[in-house]
Structure formats: C-alpha cells, structure tokens
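Numbering (my numbering), first residue to last: 12 to 967.
Okay, so here's the structure we're looking at.
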Amino acid sequence: MTAFMPPTPPFRDPQLPFPKRVDDLLARLTPDEKISFLHQFVPAVERLGIAAFRTGQEALHGVAWMGPATVFPQAVGLGATWNPDLVRRVGEAVSREVRAMRARDERVGLNVWSPTVNLLRHPLWGRNEEGYSEDPKLTSAIATAYTHGLRGEHPTYWRTAPVLKHWLAHNNETGRDVTSSSVRPRVLHEYDLRAFRETVEAGAVAGVMPAYNLVNGRPNHVSPYLREQLRTWTEQDLMVCSDAGAPSNLVDSEHYFDTHEEATAAALTAGVDSFTDHGTDGSKITARVRGALERGLLTEADVDTAVRRQLSVRFRLGEFDPHHDPHVDTGEFDTPAHRALALEAAEQAIVLLRNDGVLPLAADTRIAVVGPLADECKLDWYSGTLIHRSTPLEGLHERFGADRVAFAEGVDRVLLKTSAGTFLHVPAAPEAADEARGAQGALDPALLAGRTDLPPLTAGPAGTELALADWGDGVLTLRAPDGRYLSVAEDGFLRASADRPGGWVVQETFRLEAAPGTGADAHGNGHLLRHIGTGRHVCVTAEGVKVAEGEPEVFELVVVERGEDAVARVAAEADVVVVVAGNDPHINGRETEDRTTLRLPAQQERLLAAARSGDARVVLALVSAYPYAIDAGPLSGVLWTAHGGQAAGTALARVLAGDVSPAGRLPQTWYADDADLPDLLDYDVIGGRQTYLYFEGRPLFPFGHGLSYASFAYADLKARVGDDGADTARVSFTVVNTGDGPADEVAQLYTRAVDPSVTRPRRELLAHRRLTLAPGERAEVSFEVPLSAFAFWDVARGGWRLEPGPYDLLVGSSSEDVRLRTTVTLDGEPAAPRPVLRDGLAAVDFDEQGGTEIVDRTKVSGDAVTPAAGGAGELLYRACDFGAGTAGVSVAAAGSGTVELTVDGGPVLAALTLATPTAGPYDYVTLDAPFTAAGVRDLRLRLRGPLRLARVGFSG
12 MTAFMPPTPP FRDPQLPFPK RVDDLLARLT PDEKISFLHQ FVPAVERLGI AAFRTGQEAL
72 HGVAWMGPAT VFPQAVGLGA TWNPDLVRRV GEAVSREVRA MRARDERVGL NVWSPTVNLL
132 RHPLWGRNEE GYSEDPKLTS AIATAYTHGL RGEHPTYWRT APVLKHWLAH NNETGRDVTS
192 SSVRPRVLHE YDLRAFRETV EAGAVAGVMP AYNLVNGRPN HVSPYLREQL RTWTEQDLMV
252 CSDAGAPSNL VDSEHYFDTH EEATAAALTA GVDSFTDHGT DGSKITARVR GALERGLLTE
312 ADVDTAVRRQ LSVRFRLGEF DPHHDPHVDT GEFDTPAHRA LALEAAEQAI VLLRNDGVLP
372 LAADTRIAVV GPLADECKLD WYSGTLIHRS TPLEGLHERF GADRVAFAEG VDRVLLKTSA
432 GTFLHVPAAP EAADEARGAQ GALDPALLAG RTDLPPLTAG PAGTELALAD WGDGVLTLRA
492 PDGRYLSVAE DGFLRASADR PGGWVVQETF RLEAAPGTGA DAHGNGHLLR HIGTGRHVCV
552 TAEGVKVAEG EPEVFELVVV ERGEDAVARV AAEADVVVVV AGNDPHINGR ETEDRTTLRL
612 PAQQERLLAA ARSGDARVVL ALVSAYPYAI DAGPLSGVLW TAHGGQAAGT ALARVLAGDV
672 SPAGRLPQTW YADDADLPDL LDYDVIGGRQ TYLYFEGRPL FPFGHGLSYA SFAYADLKAR
732 VGDDGADTAR VSFTVVNTGD GPADEVAQLY TRAVDPSVTR PRRELLAHRR LTLAPGERAE
792 VSFEVPLSAF AFWDVARGGW RLEPGPYDLL VGSSSEDVRL RTTVTLDGEP AAPRPVLRDG
852 LAAVDFDEQG GTEIVDRTKV SGDAVTPAAG GAGELLYRAC DFGAGTAGVS VAAAGSGTVE
912 LTVDGGPVLA ALTLATPTAG PYDYVTLDAP FTAAGVRDLR LRLRGPLRLA RVGFSG
C-alpha cells in the first residue's frame, strides 16, 4: 500500500520564482503570525515548518559581538586602502565566517547590519571609525565592494544579506535622537543620498537602517525619502530595519507623535519593515501594530507589504532551500587565508603622512617604541573577540629583535593615598582566570555585566602601583600591574577586573576632581576620584573600595614615575623614537559621544615633547579612529592607521622596516586646527565650505594624501568625450614606478567646473585605481566616466543638470598633488530662469541662505523653511523670471512672523505678516500682498519670527 504524500506547497518549490513563493507563503500566514514578523526577533511558525529569524548581525569589520572571529581594520581603515578589490575580499571572508559561526551558534544572524555609508563630513563625529570617507564616490566604491563580498557571487542565493547604515545625514552623537539635520536639496542629492544610491544600484544590498536623527525636522524612521528615493533605485525588495529603540523614540524622546500606535503606523507606512525595539521581547511592538489596525491607522495590506519584503530577503538567503543553498556548508573560519588577508588589509590601510628620509628604518637602528598604544591592540564597539593579536611593540620585536627595541608606555605610575594615610591596594586573585570581555558572545553586549567574582580593592599600608593614562578632557584609566583595569560592577565595588575599557557604558574611566577647599590642580594632591560611568565618587568602606553617594574619599596622588621621564630615558639610548599615540575606541569619541577637539590628549603631547628632547629622530605613529591636528614640523616621520585589527602591530612594523611600501591614502581631510571646523550640526557642506570638496583653507593633510617609499611619474594624459556616441568621457594616462622597489600607487582623477553658474566643488573625485608596480614598470590607467558625474542638482528645475562649458580634469596622487591636467568642454543644458510667475517657488529651493533651517512641512512629506531659533533669516533665489510683470504675491506659511520680499538688493517691495499664530506648526494659511516686478531678477526673502514658509506664488 502506498503511503499518502502531501503535495509540496509552492513556497517550498525551488523551481518557482521567489516572488510567487513569497506570495504563497504570505497567504498561508495568519494575521497574528504576520504581525509577529514585524519585530526584530521573529518567532517560528511551527505549523508551516518555518524557523525563527532575527534581523541584525553586526559585521562592520569582522563578525562582531558573537565571540572570537577574525578582526580586520576598522571601516575607516578599509576606506584608507582605496582598494575595492581588497575590501571585496574582506567582505567575502567576513560573510564566510558568519556562515561558519551560524552553523555552530544559531544566535548568529545572516542579515548583517553593515556597512556604514554615512559620509565622514565632520572629524569630531564620535562614529568616524564606522564610515569609509568624506567623499560620496569613494564611500560608494568601498561600500559596493564590501556588500558584494558579503552577498557572495551566486546569482540566486546570498551568503549574507547586507543592510546599509544609517539613513540619512547622520554625523552627530550629541543629542542624536532629538537633533535635526538641515539638509538643502543640493546637499541631499549631491552628497548624502549619493553614497547610498550608488551602493544600492550596484545590486548587492538587502536594505537600509534609518538613523536616530531627524532630517529637516522629520525623524528618519518616517522619512518620505525611503519611498521617494530608496525604493526607486532598484527593482529588488529592500528590507528597512529600524535602529535599536528608535521606534519608541518617535514618542518618548522626539515627541513627534502622541501615541505609539500612531508612531508605529507612520513608520510602517513610510517603509520600516522590521522594528528593533525592546530587545528580544516582541510583545510591545505587536501590541502597537494591533492597536494601529484597530484604530484604522494601518491596513492588513500595509502589514503584508512589510512582511513580503522580509520574506524576500529570507528566500534569497536560502532558508527555504537548504538542499540548493550553496553556502549552507561554508566552514571557513580563522583560516590561514583569513589571517593573511587581515595582515594585507592592515598593511594597505597605513598612510605615510610625512617622511624626511628616516623611513624605512635601517636594520641596525636602535629603536625606542613609546606611548600608550605601543603595546596595545585595541578593539571597538563593533569588533569581534580577538583570536590573534599583535601590538606595535611585538611587531618591532619580531622584525628588529628584542635587543634593538626599548619600550616605555609613557603612562604615569601612581599610588592613591587615602586621608587616613593608607593606600589603595589590589588584592591578589590567583584563582581568577583571564576572561576577555564578550568572549562568549552576546546578542546585546550592552547587557553584559561587570565581573563580581574578584575581590574588591582595599586600603592598607602597602599600596598597589597603578598605571594612569589620561585620554583627554581629564578622562583617566587606572590599570593594575597584571594588566587588569579598575572597573565598577553592578554592586558598586571597585575591582581590577577588566581586560580593557569597554561596554555600552564604560565602567573603566575616572576623573580626578579637586577636593573642596584644597585648590589642588589636576593630578595634584587632595582630590576626589569620580567614577564616570556611575557619576559617583570613590569611597573607602570596611567591605572594600566602592562608589557610593556617601562621603567621598580624599586622595593624594603619589606619582612614582611620570610617563615623560620614562620616555626621555629610553629615547636617550635610541637612534629613532617611534611614538605610538592616538585613541582608545571606547573613550572620548565613540557611539553616543562626539569628540570635543582635534588635539591629542595633553599627556600624549608631553610624551612627544619628551621624545624630541634628545638627539633621536622622532616618528609619530598615530593609531586612531579619526584625524588629529598635530604639529608635524619637528617630526621626522608621521604615519596614521586606524585601529588595524588582529594584525595591526605586525603590519606597522613591516611598513616601518620597508618590507612593505605604504600606499594608504587619507579618506578625509585632516584640518590644521579646531577653528577650521564648522559647527557639528551644520550639515550644509556647500554653504559651510566643508570637506575637501568646498574647504577653502589650508588643511594639515589633504584628502587623498599619502606618501610612498617609491616615486612615480605620471604622463600621457588623454581625454575624449562622447566616443561612438557614448555619454561618457574616456580619460587615460600612464604611471611609472621610478623608485628602487616594488610599491603601490593610488592614481586619482578629479574634476572642477571652470566657470560654474553656482557654487561647485573645488575639485571632486571621479575615479581612482590602486596599482602595484615593480621598479621601472609602467601601467596605463583608463577610466570611463559617465557624463552624469559632471552634473549638479539644479534647484531651479528640481533635477540634475549638466551645465555646458569647460571642465578641468586633474590627475595625481592626492586632491592637492596634481601631476597632470587638461580641460574638456562638455555640451549640456544651459541655465534657464526660474518660471516663478508660472510655477511659484518652493521655499526650500533657495540658492543661498543665511540664518535659516529646513523643517517638515507636514509629518508625512514636504519641506518648509524657518528662521533658526525663531530669529531672522534670509533666502536668495537667483534668476527669477517675473515675465511681463507681477501684480501680487502669496505665501503659504504657518506659525507667526513676517516675510519681506526684495529684488536685486533693492527696497522692500512687499511685507506679509502672520500676526496671529496659527493653531499648529502644520496649519498653513495663505497671505497675499501687492508685489510688482518684471523680467529676470534675483529675489531675496527675509523671514522674521517663528514662521514656517512653505511656498511663494506670484500673480500677473
């Protein structure tokens, strides 16, 4: 007798196209099951054999948070390689490790939240380490490479599903969930959207994550650009995943909506498909969705749309076709190839900024390596746990021999003496095994608790000498002789328990404060010791040393040895001093915390001075997540690398020794001084003259800068436009290695509009290529540049326009080191006056502005303009065509205040006043007044008071 076999449901049939399979599965899910899919942690549907699923696996430069994994250089370091091929291979390795780790730990997800394509507009942004570049073209090139590596090469099934972060215009941690980025249309299209667009159009992106901030007064999680822009760039279904806690922020911190049901409905209909909120507990989100459905704020079709997008990603990941998924048996993890790739990436990320001939170091050089990062291999918030590690000291020992390398960390060695005459003491903990933070993995490492299995500090006659490092702004770490950092756990006791500073709230940082009535200076005597993570002072109790609200202890800081003295001592015996300075990625600049200055911490400045006090030549190796402003003049050499992952130390030593010629290039401008920087919240890169595109000052080091141990000659520049009717410019030239050894060169092509009608970039990257050349080897480099790359967003027409006229083509090894140039003349569309009599003006389509900001016209879409802080501001609209003449003007405005109109700098021709405030900021009224103007004129509007201007119209 033949057993009955139920038919295979269509969603399980690999022969059917994915859209049909998704539709079939969607039809089989109940309304409650579909609602449950909207939370990050999707429960299993056992009756259909559907497994649980979660969105979100951090994988910025290696698999993060889930325990040991290969750790590659930080994202900004990958950007500094200027090498898409290398970054693609890094993405491949990371995605293979994701698959291998998931095979043994189902907590590891295949929907990876990476890469970050926010542009590095401002070097004080705390998350500078997560982006690739200040330039949208370079950012998209690197991001496209990484996403292709993460996706894999199979035409149907994806190895992982990358989600781009963080949509949109997000470059500040200060008030990040309540501040609004005012982004004019040109900046929106030419800058912030561009990096996302070119990466999405390349076809290896599964979705995006909106950022915490608002753009033009509207939270990114209800951004109309998700629909109007993002989803028009590809025919693939894109899944939009919220950032953690952001859906609740719409009500709780931003107060944009009155209820969570309204907020959830608005986010879902705007395009958010998966809600990351309340950890693993999906009950609150699903209850909000049900409430929105009951109130008629959502329809079942809205829910279906979001679930369909999520299912599309899951099908592409092969979840429903385990026997056809080519990635299911991927097992590459910590392989020799991955280790070699980590070293290669770390080497290629190193940028040589200055060299007077001291580098490379001769084999018999007596070296002193000093500084707080000289024997460190730092991790950041989005790192995995190290399996292998190399520090600069270890790398130099291995390369030059321990007998030729002296070391001084350069931190102060101190004792903390209590008011009773005793000293803080770190008890022995012989039974405590070494434990790296996060070694076991965690879905949310922010929830990892500090260790309480070690004895707390005590006070007694014998004190423990502590290593005090000052990371700037008075933020200190204190480390015990065995390498463990002083930390505070949930019970409030102070222990030497942390392998490194870290955590969502860092528990290993302190601040010395003058005790009341002592008048002591920093690091002097008579101080309170405040624990920054809890905000409480350290006190001594019978149970041990702890932080508490009670009477704080007054400490005397007894300095056993100053760091600069130790540095001067080893420097006196050296030929070359390598000072390894920079930042700890968890302190004074990270997610949730912006930097306050470009300067190095004062303690590190003192170490540099001590290193220069003798006859040795000094090389500064900056290991940091962002640029610094330094005095490079007295230094023989300067290098920069981002925190380079597991092979950082070996890579730095090989570059210093000349085993590898450096060829990294700066992915962002290094400014000379804090005074060169715009306000952190000024997102107008055009008006604020920001980044290499518009900056008119003299940078410390320009965008694209990086030196080599070799020299290169550029020649034979040719440029042809429109060959065979193509809408491209073909640019070619040759590069020759004129040096003595093999080396890489990064050839860069820029353009500049010679006679633009509007403010255009000083120069703008069109293309680049990293070349590897033997001595005497010549390479021909050619680029096909689409003519659309020369266009700009014309606010007068609300679209892209290629302006006819001459354009310089600049070829060289940085944005300022131009070796070849030529000029081409492009045909295009000439400028036309704004037909304002016919079409009116959208207030946001100004050419220039002063003292205004852009806000939301409605909660759903549209922009308006308002004076900043309710004061006064101006808007300029050039070449407005009033035809044969106007008789009147009308404005759509809300709030209260006055709009004044002038033309060509003349007197006020009309003033429209909204004397009685409107009922709300979105309740627009129309005001009319006589207004006479004719011909093509420049129109200037002056806004006064808390008024929102949406539109201006004219009548004949």
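We put the beta carbon where it would ideally sit given N, CA and C, even for glycine.
Values in this document were obtained by computation on a predicted structure and should not be read as measured data.
Residue from the options whose Cα sits closest to the Cα of residue i
i	options	result
Gly256	Glu246, Thr245, Ile296 and Leu241	Ile296
Asp738	Val283, Pro786 and Pro797	Pro797
Leu821	Val98, Arg948 and Ala726	Ala726
Asp751	Thr924, Gly733 and Asp670	Asp670
Thr897	Leu404, Ser907 and Pro846	Pro846
His970	Ser394, Gly698, Ser192 and Ser323	The structure shown does not extend to residue 970, since the chain is modelled only from 12 through 967, so no value can be given for it.
Phe286	Ala317, Glu246, Arg306 and His334	Ala317
Gly648	Phe803, Pro673 and Lys729	Pro673
Ala440	Ala457, Pro466 and Thr607	Pro466
Ala374	Val381, Leu667 and Val216	Leu667
Trp392	Thr552, Asn139, Pro638 and Glu616	Asn139
Trp482	Arg606, Phe331 and Ser508	Arg606
Tyr720	Pro753, Asp735, Asp734 and Leu688	Pro753
Val56	Glu69, Gly839 and Leu37	Leu37
Val919	Leu848, Asp340 and Pro941	Pro941
Simplified DSSP state of residue i, which is helix, strand or coil
i	result
Asn231	helix
Asp805	strand
Arg955	strand
Pro126	strand
Phe965	strand
Thr661	helix
Leu89	helix
Gln68	strand
Ala531	In this predicted model, Ala531 has a pLDDT of only 49, less than 50, meaning its place in the structure is not dependable; the value taken from the coordinates is given anyway. Ala531: coil per DSSP, three-state reduction.
Arg547	strand
Ala443	Note that Ala443 scores 49 on pLDDT, short of 50, meaning its location in the model is unreliable; the coordinates nonetheless yield the value given after this. DSSP places Ala443 in coil when its eight states are reduced to three.
Met112	helix
C-alpha gap between residue i and residue j, whole angstroms
i	j	result
Thr833	Ala778	16 Å
Asp690	Arg301	43 Å
Ala213	Thr836	29 Å
Leu308	Leu49	16 Å
Arg162	Ala222	23 Å
His232	Asp939	36 Å
Thr429	Pro563	11 Å
Ala154	Gly88	13 Å
Ala785	Val746	11 Å
Gly873	Asp313	22 Å
Ala879	Ile865	9 Å
Arg238	Ala875	19 Å
Pro438	Gly555	11 Å
Gln85	His654	6 Å
Gln451	Asp116	11 Å
Ser234	Leu322	23 Å
Presumed contact (8 Å Cβ cut-off) between residue i and residue j, rounded CB distance
i	j	result
Trp124	Arg676	So it is not a contact: roughly 27 Å between Cβ atoms.
Leu950	Cys891	5 Å
Tyr157	Val226	Between Val226 and Tyr157 the Cβ distance is about 25 Å, and since that is not below 8 Å, they are no contact.
Arg299	His271	5 Å
Ile1	Pro512	Residue 1 falls outside the range modelled here, since the chain spans only 12 to 967, and no answer is possible.
Residue i: CB within 8 Å of a non-hydrogen atom of the ligand FAD
i	result
Thr603	Judged by which ligands are present, the structure shown has none, so any question about the ligand FAD falls away.
Is there contact between the stretch 399-411 and the stretch 608-623, where contact requires at least three CB pairs shorter than 8 Å? no
Does the stretch 417-426 come within contact of the stretch 680-697, defined as at least 3 CB pairs closer than 8 Å? no
Touching or not, the stretch 623-633 and the stretch 577-591, by the rule of three or more beta carbon pairs under 8 Å? yes
Determine, using beta-carbon pairs with one atom in the stretch 369-387 and one in the stretch 567-587, whether at least three such pairs fall under 8 Å. yes
Mind the definition here: the stretch 808-819 touches the stretch 756-773 only if three or more C-beta pairs lie below 8 Å; say whether that holds. yes
Does the count of Cβ pairs from the stretch 190-201 and the stretch 124-138 closer than 8 Å reach three? no
Are three or more beta carbon pairs between the stretch 465-485 and the stretch 498-517 nearer than 8 Å? yes
Counting Cβ pairs, one atom from each stretch, are 3 or more of them under 8 Å apart for the stretch 696-705 and the stretch 341-348? no
Do the stretch 881-888 and the stretch 847-858 make contact, defined as three or more Cβ pairs closer than 8 Å? yes
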